[in-house]
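Read the structure below first, then the notes.
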Amino acid sequence: MPGIVRAIRAISIITGLFGIVAVLAPKMTGDLVGLTVEVGNSNGYGEIGAFYGGVSIALGILGVWATLPGRPGGRSLLGAVGLLWGSIALCRLLVMTLIEPASGGLIGWASFLLEAGLAAVFGFLRTAIDDA
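For the sequence shown, the numbering used here assigns the number 296 to the last residue and increments by one with no breaks.
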């Protein structure tokens, strides 16, 4: 059990750190994920920071918080984190298969597999922690 908890915390910390990078360096984050911002209109950087940053930071905090000893509702929180990752994966899959197949490719499918895997980790392994 402790190994699983450490793994969940590590994944959550990495996710949160990615979010911090997205807030502090939205241009670099946009370049990393293939988003371009229209010249003369920098609103896109705010969106990258808000969504990539905000969602990733929240997922990271929830994952760590849920695994702290004595936290009531930890299993439910991990289930919610799994649901969010699953929703992200499902929406990516829908876009890649029904809306814009060209958005697939190696990066798209690798991202889908990562997100679906994280949904499974958080969704199924939530039973591995003790709920206070």
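Positions of the beta carbon are idealized from the N, C-alpha and C atoms, including for glycine.
Is it right to say residue i is buried, meaning 16 or more other beta carbons lie within 10 angstroms of its own, or is it exposed?
i	result
W273	exposed
G238	buried
T193	buried
T261	exposed
L247	exposed
R170	exposed
F286	buried
L181	exposed
Pull up the distance between the alpha-carbon of residue i and that of residue j, whole angstroms please.
i	j	result
R173	L282	12 Å
A189	T200	14 Å
F276	L270	10 Å
I178	G204	33 Å
P233	P265	44 Å
A296	I168	Low confidence applies here, because A296 scores a pLDDT of 49, under 50, leaving its location unreliable; read the following figure in that light. Each residue's Cα considered, the two are about 17 Å apart.
A280	A253	5 Å
G227	P166	15 Å
E211	V259	19 Å
Apart from the five residues on each side of it in sequence, which residues of its chain come closer than 7 Å, Cβ to Cβ, to residue i?
i	result
V187	G213 and G217
Under 8 Å by Cβ, that's how I've got residue i and residue j pegged, so tell me the actual separation to the nearest angstrom.
i	j	result
S220	G183	3 Å
Only counting the same chain, and skipping five residues up and downstream in sequence, which positions put a Cβ closer than 8 Å to that of residue i?
i	result
T291	R239
Excluding the 5 residues flanking residue i on each side, which residues of the same chain have their C-beta closer than 6 Å to its C-beta?
i	result
L289	I168
G208	V201
A230	G238, L241 and L242
### Query
For the stretch 166-238, which segments carrying the alpha helix (DSSP H) assignment without a break, of at least 4 residues, lie completely within its bounds, in sequence order?
Within the stretch 166-238, the complete alpha helix (DSSP H) runs of at least 4 residues are 166-188, 190-197, 207-211 and 218-231.
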